[in-house]
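Only one structure is covered here, and it is reproduced in the block below.
There are 4 protein chains.
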Amino acid sequence: MGMIGGGPGAFIGEVHRMAANLDGIIELVCGSFSSKMEKSLQTGEALFLPKDRIYATYQEMIEKENQLPKGERMDFVSIVTPNHLHFEPAKLALENGFHVILDKPMTLSLEEAEILKKLVNDNNLQLCLTHTYTGYPMIKEAKHMVNSGELGEVKKVYVEYPQGWLSTPEENNGNKQAEWRSDPAKSGIAGSMGDVGTHAANLIEYISGLKITKVCADINTIVPNRALDDDGAALLKLNNGASGVLFVSQVATGEENCLKIRLYGDKAGIEWKHDDANSLIVKKNEEPTKILRTGGPGTSSIVAHNQRIPAGHPEGFIEAFANLYRNFALTVDAQINGQQPKEEWLDFTNVEDGVRGMLFLEKVIASGKSEQKWISL
Amino acid sequence: MGMIGGGPGAFIGEVHRMAANLDGIIELVCGSFSSKMEKSLQTGEALFLPKDRIYATYQEMIEKENQLPKGERMDFVSIVTPNHLHFEPAKLALENGFHVILDKPMTLSLEEAEILKKLVNDNNLQLCLTHTYTGYPMIKEAKHMVNSGELGEVKKVYVEYPQGWLSTPEENNGNKQAEWRSDPAKSGIAGSMGDVGTHAANLIEYISGLKITKVCADINTIVPNRALDDDGAALLKLNNGASGVLFVSQVATGEENCLKIRLYGDKAGIEWKHDDANSLIVKKNEEPTKILRTGGPGTSSIVAHNQRIPAGHPEGFIEAFANLYRNFALTVDAQINGQQPKEEWLDFTNVEDGVRGMLFLEKVIASGKSEQKWISL
Amino acid sequence: MGMIGGGPGAFIGEVHRMAANLDGIIELVCGSFSSKMEKSLQTGEALFLPKDRIYATYQEMIEKENQLPKGERMDFVSIVTPNHLHFEPAKLALENGFHVILDKPMTLSLEEAEILKKLVNDNNLQLCLTHTYTGYPMIKEAKHMVNSGELGEVKKVYVEYPQGWLSTPEENNGNKQAEWRSDPAKSGIAGSMGDVGTHAANLIEYISGLKITKVCADINTIVPNRALDDDGAALLKLNNGASGVLFVSQVATGEENCLKIRLYGDKAGIEWKHDDANSLIVKKNEEPTKILRTGGPGTSSIVAHNQRIPAGHPEGFIEAFANLYRNFALTVDAQINGQQPKEEWLDFTNVEDGVRGMLFLEKVIASGKSEQKWISL
Amino acid sequence: MGMIGGGPGAFIGEVHRMAANLDGIIELVCGSFSSKMEKSLQTGEALFLPKDRIYATYQEMIEKENQLPKGERMDFVSIVTPNHLHFEPAKLALENGFHVILDKPMTLSLEEAEILKKLVNDNNLQLCLTHTYTGYPMIKEAKHMVNSGELGEVKKVYVEYPQGWLSTPEENNGNKQAEWRSDPAKSGIAGSMGDVGTHAANLIEYISGLKITKVCADINTIVPNRALDDDGAALLKLNNGASGVLFVSQVATGEENCLKIRLYGDKAGIEWKHDDANSLIVKKNEEPTKILRTGGPGTSSIVAHNQRIPAGHPEGFIEAFANLYRNFALTVDAQINGQQPKEEWLDFTNVEDGVRGMLFLEKVIASGKSEQKWISL
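Shown next as structure tokens:
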């Protein structure tokens, strides 16, 4: 694996590296960690990389690695830069035959997303978009339950992601994470909707297997003078006729990171929330509420594949992230070795999810500005 | 107190009587419990009423009681009939000088609600609308916190009330509660929005002191052939510029009764949910989350006035209901005795809340049918 | 019903009256509320009692009431005084043919308890000892589950009751509740063990149907100069060979009232705690954890008999207390009318529980002073 | 790092490797993973080790590694075998100058533990005993709070660790984990008390800084024919006069792994439980309960040092384990480089904790067999 971005002070680059390290099956072999070579070297050396595989630019890295013999060169590239630096490196990597693992939202526009999708498909490559929450075992169990009909027909979906960390103008206080997230040039057309709204929308589609077809959104910028939205909500219609509510905020004072999703079918409802990530609550009208637990009784083999330690030992965010990395890496490895990846390895959010995310984002922001009620995706 | 409705098999009539009994300050002296005299007698006798104060009709009751000397006649009337039987008895009672305690939604139309409001005001009478949730001590603490500025300016509100009991066509299975609630002739223009949506909307206005000014709603009938909505959600605008999300459902399979409300100001956020009714969670960005408890440290005198037993002994739905009854009865008693009711006694949802509820209901249902995004209240 | 004790400032007297009022089937007809006639009158008049049935002493009350014709006199007496004023009034009431409802612990000594038991049995009277927690519907469901074999053989029991309100010397700060509870003359041989330890021990026996046969206790007085224990723990042996742990404290700083009990059989475990009183958690090795809820799916008819409002509307401490009153009153009423009480009416903690409580108390305090490990009951 | 044990089918070996991998600062360079060379090779090759550093026996590994030049040889050895295979390899490693990281309980006897302690001290080496729970950031915060006086003087401690997985005779069903844990030859004198009881006892001493001075224990074997205890409880005395209760079980049907600890001082109480590992609950009599969260407001720098991702992203068991590895490795690295380790690096459970654990174990098992109440440590 090679890495683009993730130099000193970056939060998500470190998470990517821990996730890649965890299972001992992925090796970081090269990187271009910063636009400043000095910083790139600093990071690379701290990671025990040889100097000749710490590159000044991602272009150089892709070019040089491509010249190395197969088996020696990096197999895939992990791109952990802010949103505006996703498209170009990903495009170049794909054009040069490297698989890509990439943060969400995938690009700055739907158009760019479509280009990446075409490249992935035309070159028969893998692209993993790190919608971390889809890596949690109990989210996978939720998807499995919907697929296997335990909920009946899904009728209603609620998803929410309230955060509070931007309820003050952090971007003016030297908070690097806040700066780029509230800068349209770096973040794109959306703030909170891009940062956490796309996670929420993706999670609905991932678990339910349905598609969002219409949105009616209220998009707000609550902190004065902020350039992008910091709050928003949308009524949703799904392609089976179900409806939903999605709401996110980064100004919900005092909230941490409590993504929560509920789906109700005519037979059962399920509920998952991030701060109790190893539980999946199952509700029926005629039976007591049940709590499924990572690795506990009543869970399916998909959980077993995505957990590392026995039931009752909490697994968290890094492990969920590592599940994306592991499934992606196993798939890439199989492909490199000319083998068919197992079905459970292919279970990672991919370029299609990236296109859906950008479509959602463009439409939900458009809806926020429209006087018309429903906007179709 | 006299009672209209609440005969055999009625759920809410029994709740009203327990709430009225609890503190030993209200005496049931007469009733017209059913449209069938036989049933009315059966109920009245079980309640130790003398036969001559069990009436065949509410008209008869109001007339006869009016002829009794002051001090002997009932002081107020409690109306616990289905929605379509709210307006006429309430109107007649008010016209005859009786104070009224009444279930929500107040009437079948905004027009009727305005008539009751005029009668209340013109005759200087009290009308308590039993929005039960406003009787919980920690809801009152929440209101107090907003009032005293602890949240700063309210920016965002979320309220939800998912139930699951109507996710199957219970109205066809002999469920009396389901029958009238899904019958437009008895329930009015709305199903779930009237039954639980009005509670949710009221709670926002009660706690925040703000008014809902615009709604954009998605109103659904999910169970086939049901005559009224059984699910709905609305984006909200409030009169201080804040926004909100309200969603209710009666087809959220497996859910009980978990009304939940969250308000976020620029200083703090608060959260209350019905299944943990004795806690109020307070969240700030710069301090650890705090849990205020009924009667526990850090709560105000308004909690003390509305609790009966020391902190740590759970109080529930009946006690909340009884707080409405007690505050209303103390107010009525003061008024009868020519005294000024204390401020904390006047803290019950009243005819104005009833008018607001009908206004919300008409607009939210209209919005559900509209192609236009925002509908003003 | 007549009442002894419960004058101005008494907490538990008020609770008894609310519990008795709730269902509208018990009428307070007389009382001797305080050792001072003035205070007794004040309380009685506030409760709408006629002056001639407000008595100066309990002796006078029992004597005078006994002279009234049957049907007019009180049917039973509720004794809500501190511990040292339980025995004499209860004895006199029973000797005069009145049924008794009484707070725990029943007496100051096992010897007194045995005397009351003999009186109850010899005179064929009912005595209800208000172990409130046994009135909660989900505690009754727990008992039902053990009885019906759902847990298999009970192997292990944990019960705990940590409170924090006495972690400072409240008895020196004018706290009336703290004063008598820490005074051996009024409270008996035990402080925390009598006040909350007897609840904990009773709950084990009530739910499991087993008897505590041995204790090994560590009894502590943590606040200096306090005359009685304010903390204690005991290892337990039960008559089926199971073992248990019981621990209580009144110096567990910051704790409210969170009685919690867990029982494990070879088939399942169950857990109940006071601050989530409407849930009963059922755990098995081979199935997901289930949450039974008051009135929810999967609960038995014993819950239905002891709940008042539909599932999802929280019922609390007063309702649990009222279940004791209702079952006791229905039993007394049946007996007065020469009828056989229904089995579910007889489900209230009684004089036998009182004797068991005093036996436990004497032994657990003795064990605290002993160098020997196990003390038999 | 070299590893002893952790071949195919071992649970804890895999956990050790993930913990060591996570931060990218520890490299596995050699191993003797199984008593069968074939299995050792299989494991080692899957871990990308060169064949010449996969050894047939731990003796061979220690000998051969010792012959390698400094900087090339392993710096420390991780021993992840069952209990009976702790002492000999640890002794040999220490005698040959290798630092050691080792699972708990440290040895089979107190005597062995003392020998290891002497070796560590005499040779100025580091030994980390993996009491995983001490690696959780909020456990470290708890320790910090006690140290800094926020609880006042600690008066009462409760610790519990109920599990249910051995409530049936799993050791007869081919469960490898159950087999050695219930075999005295491999597990030592204790079953549940060694496996989880030592964690519980250690956690009290780690957080409180106090020492257990006396125990009074009830030790049980509940599943028939099991050779070791599967359940136990102990009353405790601590060296400041405080008392405590410790109880553990492996037959608490349906329980996962919910270690829970509560400490009460005269100023505040704190509570932590494994299934909500990122929260620390702080209770006071005069203030609302507070919830401290990993990395959230109000936490100290010790949390920051032991967390990897921002507040609100759950960290779990592997991260806690990795904190032990990281602190130990940083300490070892400093020592190798002749530097003074930072104070926060030295914060890992060590050989002294191992001796304390064996002392506790011998005394608590002895107490279980004694008729005398208190046994001194």
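Protein chains in written order, with my numbering: chain A, 93 to 469; chain B, 93 to 469; chain C, 93 to 469; chain D, 93 to 469.
Backbone N, C-alpha and C fix where the C-beta goes; we use that ideal spot for every residue, glycine too.
CB contact check: residue i to chain A, cutoff 8 Å
{"i": "Leu384 of chain C", "result": "yes"}
{"i": "Gly289 of chain C", "result": "no"}
{"i": "Val251 of chain D", "result": "no"}
{"i": "Asp425 of chain D", "result": "no"}
{"i": "Pro380 of chain C", "result": "yes"}
{"i": "Phe125 of chain D", "result": "no"}
{"i": "Gln218 of chain B", "result": "no"}
{"i": "Ile314 of chain B", "result": "yes"}
Nonlocal neighbours in the same chain, by C-beta distance under 8 Å from residue i, ignoring five residues either side
{"i": "Gly123 of chain B", "result": "Gly94, Met95, Ile96, Gly98, Ser132, Thr135, Gly136, Leu139, Leu141, Arg145, Ile146, Tyr147, Met153"}
{"i": "Val172 of chain C", "result": "Met95, Ile96, Gly97, Gly98, Ala102, Ile104, Gly105, His108, Asp195"}
Residues of its chain near residue i, where Cβ-Cβ distance is below 6 Å and the 5 sequence neighbours each way are ignored
{"i": "Arg165 of chain A", "result": "Glu157"}
{"i": "Lys352 of chain B", "result": "Glu252, Lys365"}
{"i": "Tyr356 of chain D", "result": "Lys247, Lys248"}
Short CB-CB distance (under 8 Å) between residue i and chain D
{"i": "Tyr407 of chain A", "result": "Per the sequence shown, residue 407 of chain A should be read as Glu rather than Tyr. Answer yes: the Cβ-Cβ gap between Glu407 of chain A and chain D drops below 8 Å somewhere."}
{"i": "Phe190 of chain A", "result": "no"}
{"i": "Leu139 of chain A", "result": "yes"}
Minimum Cβ-Cβ distance from residue i to chain B less than 8 Å
{"i": "Asn377 of chain D", "result": "yes"}
{"i": "Glu411 of chain C", "result": "yes"}
{"i": "Ala293 of chain A", "result": "no"}
{"i": "Cys350 of chain A", "result": "no"}
Residue i - DSSP class collapsed to helix/strand/coil
{"i": "Phe339 of chain A", "result": "strand"}
{"i": "Gly136 of chain D", "result": "helix"}
{"i": "Leu258 of chain C", "result": "coil"}
{"i": "Phe190 of chain B", "result": "coil"}
{"i": "Tyr417 of chain B", "result": "helix"}
{"i": "Arg354 of chain C", "result": "strand"}
{"i": "Gly430 of chain B", "result": "coil"}
{"i": "Phe179 of chain D", "result": "helix"}
{"i": "Ala326 of chain A", "result": "strand"}
{"i": "Pro96 of chain B", "result": "According to the sequence as given, residue 96 of chain B is Ile; it is not Pro. Here Ile96 of chain B sits in strand by DSSP."}
{"i": "Asn442 of chain D", "result": "strand"}
{"i": "Thr226 of chain D", "result": "helix"}
Nearest-angstrom beta carbon gap, residue j and residue i [assumed within contact, 8 Å]
{"i": "Pro380 of chain D", "j": "Gly361 of chain B", "result": "With 8 Å as the limit, Pro380 of chain D and Gly361 of chain B do not qualify as a contact, their Cβ atoms being about 15 Å apart."}
{"i": "Phe339 of chain D", "j": "Tyr250 of chain C", "result": "7 Å"}
{"i": "Tyr54 of chain B", "j": "Thr441 of chain B", "result": "With chain B covering 93 to 469 only, the question about residue 54 of chain B has no answer from this structure."}
{"i": "Phe409 of chain D", "j": "His405 of chain A", "result": "4 Å"}
{"i": "Gly276 of chain C", "j": "Ala326 of chain C", "result": "The displayed chain sequence assigns Pro, not Gly, to residue 276 of chain C. Not really, about 20 Å apart at Cβ, beyond 8 Å."}
The ligand ATP heavy atom lying under 7 Å from the CB of residue i
{"i": "Gly446 of chain B", "result": "Among the components of this structure there are no ligands whatsoever, and the ligand ATP is therefore not found."}
Within-8 Å CB hit, residue i to chain C
{"i": "Gly390 of chain A", "result": "yes"}
{"i": "Val395 of chain B", "result": "no"}
{"i": "Asn264 of chain D", "result": "no"}
Own chain partners of residue i with C-beta closer than 7 Å, once the 5 adjacent residues on each side are dropped
{"i": "Asp59 of chain A", "result": "Past the boundaries of the shown model lies residue 59 of chain A; chain A is included only from 93 to 469, so the question cannot be answered."}
{"i": "Asp358 of chain D", "result": "Gly244, Glu245, Lys247"}
Cβ pair count under 8 Å reaching 3, the segment 462-469 of chain D against the segment 232-243 of chain D: no
Segment contact, 8 Å Cβ cut-off, at least three pairs: the segment 312-323 of chain C with the segment 212-221 of chain D: no
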